[in-house]
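Worksheet for the structure shown next.
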Amino acid sequence: MNEITPIDSNGKPYPVKINEEELKSRTDQLSFDVLRKAATETAFTGEYTDTETIGVYKCKACFAELFRSENKFHSGCGWPSFYTPTKDDAVELIEDRSLFPRIRTEVRCASCGSHLGHVFTGEGYAVPTDQRWCINSVALVLEPKI
41 MNEITPIDSN
51 GKPYPVKINE
61 EELKSRTDQL
71 SFDVLRKAAT
81 ETAFTGEYTD
91 TETIGVYKCK
101 ACFAELFRSE
111 NKFHSGCGWP
121 SFYTPTKDDA
131 VELIEDRSLF
141 PRIRTEVRCA
151 SCGSHLGHVF
161 TGEGYAVPTD
171 QRWCINSVAL
181 VLEPKI
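Numbering of the sequence shown is given in my numbering, commencing with residue 41 and proceeding in unit increments.
See the structure below:
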């Protein structure tokens with residue numbers, strides 16, 4: 041079986057193991073590259089950038105609940121933006137030095153370790169947390185509220 045067991049920031053395996061071949065078979069190449077290689081979709085191209093559909097946003101890899109539509113806002117950055125996850129332990133935050141010297145905070149799914157995007161603080165958005173959780177549409181699945 042071709043599973044990966046990513047390690048979290050505490051050196052422990054994530055609770056949900058993902059079969060890489062199965063993930064490749066049910067996602068497109070960009071989704072796979074974002075989820076597994078921390079790639080980024082091009083700004084303003086994502087399916088959920090401007091959507092106002094009410095529902096729950098889930099991890100495309102393991103379907104864990106991550107964000108709710110009522111916590112989504114239009115930041116103008118080109119990616120879906122949220123001001124908080126569904127719960128604090130839904131995501132893991134990792135220091136990202138890939139754009140050295142700029143240090144960013146990477147957002148990963150706490151269940152399976154998939155890359156989702158980045159969180160930024162102190163940008164002056166009029167949201168309750170003063171945070172912009174900038175998440176790739178291709179890392180998400182929206183479950184509309186019926």
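We treat Cβ as the ideally placed atom computed from N, Cα and C, and that holds for glycine.
Spell out the partners DSSP gives residue i in its beta bridges.
i, result
"Ser-121", "Phe-113, Cys-174"
"Pro-184", "Gly-95"
Note down, in chain order, each residue of its chain lying with its Cβ closer than 6 Å to the Cβ of residue i, except the 5 sequence neighbours on either side.
i, result
"Leu-133", "Thr-145"
"Phe-160", "Arg-172"
Start and end of the beta strand (DSSP E) containing residue i?
i, result
"Glu-163", "It is not in any beta strand (DSSP E) - Glu-163 carries neither H nor E in the DSSP assignment."
Going by beta carbon distance, what residues of the same chain come within less than 7 Å of residue i, once the five residues before and after it are set aside?
i, result
"Arg-148", "Val-131, Glu-132, Ile-134, Ser-154, His-155, Leu-156"
Sorted by chain position, which residues of the same chain lie with C-beta nearer than 8 Å to residue i's C-beta, five sequence neighbours on each side aside?
i, result
"Lys-98", "Ala-104, Glu-105, Leu-106, Leu-180, Val-181, Leu-182, Glu-183"
"Val-167", "Phe-113, Tyr-123"
Mind checking residue i: buried by the 16 CB within 10 Å criterion, or exposed?
i, result
"His-158", "buried"
"Thr-89", "buried"
"Gly-164", "exposed"
"Arg-76", "buried"
Determine the extent of the alpha helix (DSSP H) in which residue i is found, giving its start and end residues.
i, result
"Lys-5", "Since the displayed the chain opens at 41 and closes at 186, residue 5 lies outside it and no answer follows."
I'd like the ranges of any beta strand (DSSP E) spanning at least 3 consecutive residues and lying wholly in the segment 71 to 155. 95 to 99, 105 to 108, 131 to 139, 142 to 149, all fully within the segment 71 to 155.
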